[in-house]
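Quick note, the sequences are listed as chains Z and U, same order. The first sequence begins at 314 in the working numbering and counts up one residue at a time. The second sequence begins at 314 in the working numbering and counts up one residue at a time. Beta carbons are placed, not taken as given, at the ideal position from N, Cα and C, and that holds for glycine.
Protein chains: 2
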Amino acid sequence: MDIDQQLLAAAERLFDRNGFNATGMGKLVREARLSSRTVYKHAGNKNALMARVLSERHRRFFEHTDFSTTTALFDSLAEWFAAEGIRGCLFFRAEAETGGDIPEIAAEVAAYHQQLIEHIAELVVRETGQADTQLADQILALFEGATTAATYRGAAVIDAARSCACQLVNARTRP
Amino acid sequence: MDIDQQLLAAAERLFDRNGFNATGMGKLVREARLSSRTVYKHAGNKNALMARVLSERHRRFFEHTDFSTTTALFDSLAEWFAAEGIRGCLFFRAEAETGGDIPEIAAEVAAYHQQLIEHIAELVVRETGQADTQLADQILALFEGATTAATYRGAAVIDAARSCACQLVNARTRP
DNA sequence: ACGCAGGTAAAACGATCGTTTTACCTTGGG
DNA sequence: CCCAAGGTAAAACGATCGTTTTACCTGCGT
């Protein structure tokens with residue numbers, strides 16, 4: 314059934330564009346062109362739907378993003394924003410809107426963050442030949458910072474962050 | 314009257330900890346130990362209250378933060394988080410929760426961002442002797458990224474971001 | 001002594017929230 | 001042929017939302 318995709322696509326779009334709490338189930342039902350009965354049959358309730366949206370976003374993001382090199386990482390981010398618009402990190406926003414109080418959502422956010430950290434740590438090892446927590450934290454900060462700051466400064470921040478990250482990595486590559 | 318401070322303090326605490334939309338006026342009235350009549354006499358309505366909270370936060374943040382050197386900037390951020398807790402940027406969160414649709418709030422967020430950008434640009438000039446948009450964007454990304462990533466990685470990200478920013482600035486200081 | 005500015009407590013407003021229910025299709029397989 | 005599965009449309013649920021109103025109290029200036 315593409316009914317699940319229809320529902321999840323509408324939910325992700327509305328949650329992302331207008332916020333989670335500001336998006337009522339009524340508006341969601343209307344936008345997804347489904348009946349509320351069907352929506353609740355498929356999603357359970359709003360919290361579960363939010364969690365599924367995050368889970369799907371998680372999958373799609375790591376499917377899209379290329380962690381093979383630092384350059385590729387920030388290029389992927391720029392591509393993502395060009396295709397999806399720049400509205401900041403949906404996981405951070407979900408956690409902030411819910412105060413971390415809804416376990417199913419907090420779990421999805423934590424899972425995303427853990428995988429993000431791991432992928433960056435592996436990237437560091439791959440590019441410099443050794444683990445380096447501080448370098449990984451720096452790339453993470455540049456990645457998150459580009460995501461946030463690009464919402465009001467535009468895509469130029471991503472270029473700036475990429476060149477900074479590459480500088481850091483190159484400095485470690487040949488000492 | 315400290316009635317305004319009482320109201321704004323409670324509002325900022327609840328909005329920050331639990332989110333803007335998730336914080337009802339009922340809970341706010343209870344927590345501020347005021348009557349709803351008094352709250353609406355002082356604040357007008359919820360949107361105006363949110364905007365005033367952001368305006369006050371803006372003032373307080375720039376009063377606290379030391380933009381004189383790159384080191385001082387990230388030290389200030391670490392101090393702020395130690396004192397206030399780490400929950401990410403309240404301005405970004407306000408914009409995201411409202412989808413940018415409430416003009417009074419969007420204006421406060423834009424004003425904050427503009428001043429942040431300006432202060433960092435001046436910091437760059439002060440430390441390197443010339444304007445450098447790319448360097449300013451890099452420091453901005455590190456600043457925003459530290460703010461966001463510290464919510465799940467902790468204060469270590471701030472140290473990492475500071476050392477990265479200082480490296481960048483020093484590389485420009487003596488060429 | 002009095003009035004009024006400005007506070008409280010509590011009820012009430014209509015709107016909207018998330019969710020469930022009722023009643024009615026449509027459709028593919030035995 | 002028909003019946004279960006699974007969809008729609010729409011009404012209804014109680015809770016809570018943001019906001020206003022009613023009724024009362026208090027303290028201060030003249």
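Minimum Cβ-Cβ distance from residue i to chain Z less than 8 Å
{"i": "residue 405(U)", "result": "yes"}
{"i": "residue 402(U)", "result": "yes"}
{"i": "residue 466(U)", "result": "yes"}
{"i": "residue 371(U)", "result": "no"}
{"i": "residue 474(U)", "result": "yes"}
{"i": "residue 426(U)", "result": "yes"}
Contacting residues, own chain, Cβ-Cβ under 6 Å from residue i (five flanking each side not counted)
{"i": "residue 385(Z)", "result": "379"}
{"i": "residue 349(U)", "result": "342"}
{"i": "residue 433(Z)", "result": "449, 452, 453"}
{"i": "residue 480(Z)", "result": "none"}
{"i": "residue 383(Z)", "result": "478, 479, 482"}
{"i": "residue 445(Z)", "result": "437"}
{"i": "residue 425(U)", "result": "371, 404"}
Residue i in three-state terms, based on DSSP
{"i": "residue 423(U)", "result": "helix"}
{"i": "residue 333(Z)", "result": "coil"}
{"i": "residue 406(U)", "result": "helix"}
{"i": "residue 399(U)", "result": "coil"}
{"i": "residue 328(Z)", "result": "helix"}
{"i": "residue 347(U)", "result": "coil"}
{"i": "residue 471(Z)", "result": "helix"}
{"i": "residue 443(U)", "result": "coil"}
{"i": "residue 411(U)", "result": "helix"}
{"i": "residue 394(U)", "result": "helix"}
{"i": "residue 381(U)", "result": "coil"}
{"i": "residue 357(Z)", "result": "coil"}
{"i": "residue 315(U)", "result": "coil"}
Neighbouring residues, chain U, relative to residue i (Cβ below 8 Å)
{"i": "residue 388(Z)", "result": "Result: empty, since nearest Cβ-Cβ is about 16 Å, beyond 8 Å."}
{"i": "residue 344(Z)", "result": "Those within 8 Å of residue 344(Z) in chain U number zero; the least Cβ separation is about 14 Å."}
{"i": "residue 330(Z)", "result": "412"}
{"i": "residue 318(Z)", "result": "By Cβ distance, chain U contributes nothing, its closest Cβ being about 24 Å from residue 318(Z), past 8 Å."}
Cutoff 7 Å; reference residue i; Cβ partners in own chain excluding five residues on either side
{"i": "residue 344(U)", "result": "323, 327"}
{"i": "residue 397(Z)", "result": "none"}
{"i": "residue 486(Z)", "result": "440, 441"}
{"i": "residue 389(U)", "result": "377, 378, 379"}
{"i": "residue 333(U)", "result": "363, 407, 410"}
{"i": "residue 366(U)", "result": "321, 324, 325, 328"}
{"i": "residue 335(U)", "result": "none"}
{"i": "residue 417(U)", "result": "360, 361, 364"}
{"i": "residue 525(U)", "result": "Since the first residue shown for chain U is 314 and the last is 488, residue 525(U) is missing from the structure and cannot be characterised."}
Interface partners of residue i on chain U, CB under 9 Å
{"i": "residue 470(Z)", "result": "450, 451, 453, 454, 457"}
Own chain, CB closer than 8 Å to residue i, minus 5 neighbours either side, in chain order
{"i": "residue 458(Z)", "result": "470, 474"}
{"i": "residue 468(Z)", "result": "391, 394, 395, 399"}
{"i": "residue 319(Z)", "result": "345, 346, 347"}
{"i": "residue 316(Z)", "result": "347, 351, 355"}
{"i": "residue 338(Z)", "result": "349, 352, 359"}
Under 9 Å by beta carbon: chain Z residues contacting residue i
{"i": "residue 481(U)", "result": "477, 480"}
{"i": "residue 443(U)", "result": "Residues of chain Z passing the Cβ test: none, with the nearest at roughly 16 Å."}
{"i": "residue 461(U)", "result": "401, 402, 405, 454, 457, 458, 460, 461"}
{"i": "residue 334(U)", "result": "332, 333, 334, 335, 410"}
Chain Z residues whose Cβ lies nearer than 8 Å to that of residue i
{"i": "residue 432(U)", "result": "By Cβ distance, chain Z contributes nothing, its closest Cβ being about 14 Å from residue 432(U), past 8 Å."}
Residue i beta carbon near the ligand MG (any heavy atom closer than 7 Å)
{"i": "residue 477(Z)", "result": "For the structure depicted, the ligand MG is absent and the ligand set is empty, with no information on it obtainable."}
Counting Cβ pairs closer than 8 Å, one from the region 453-463 of chain U and one from the region 450-463 of chain Z, do we hit at least three?
yes
Cβ contact (3+ pairs, closer than 8 Å) linking the region 365-373 of chain Z and the region 420-428 of chain Z:
yes
Counting pairs of beta carbons, one from the region 347-354 of chain U and one from the region 411-418 of chain U, are three or more of them closer than 8 Å?
no
Are there three or more Cβ pairs, one per stretch, closer than 8 Å when the region 437-447 of chain Z is compared with the region 426-438 of chain U?
no
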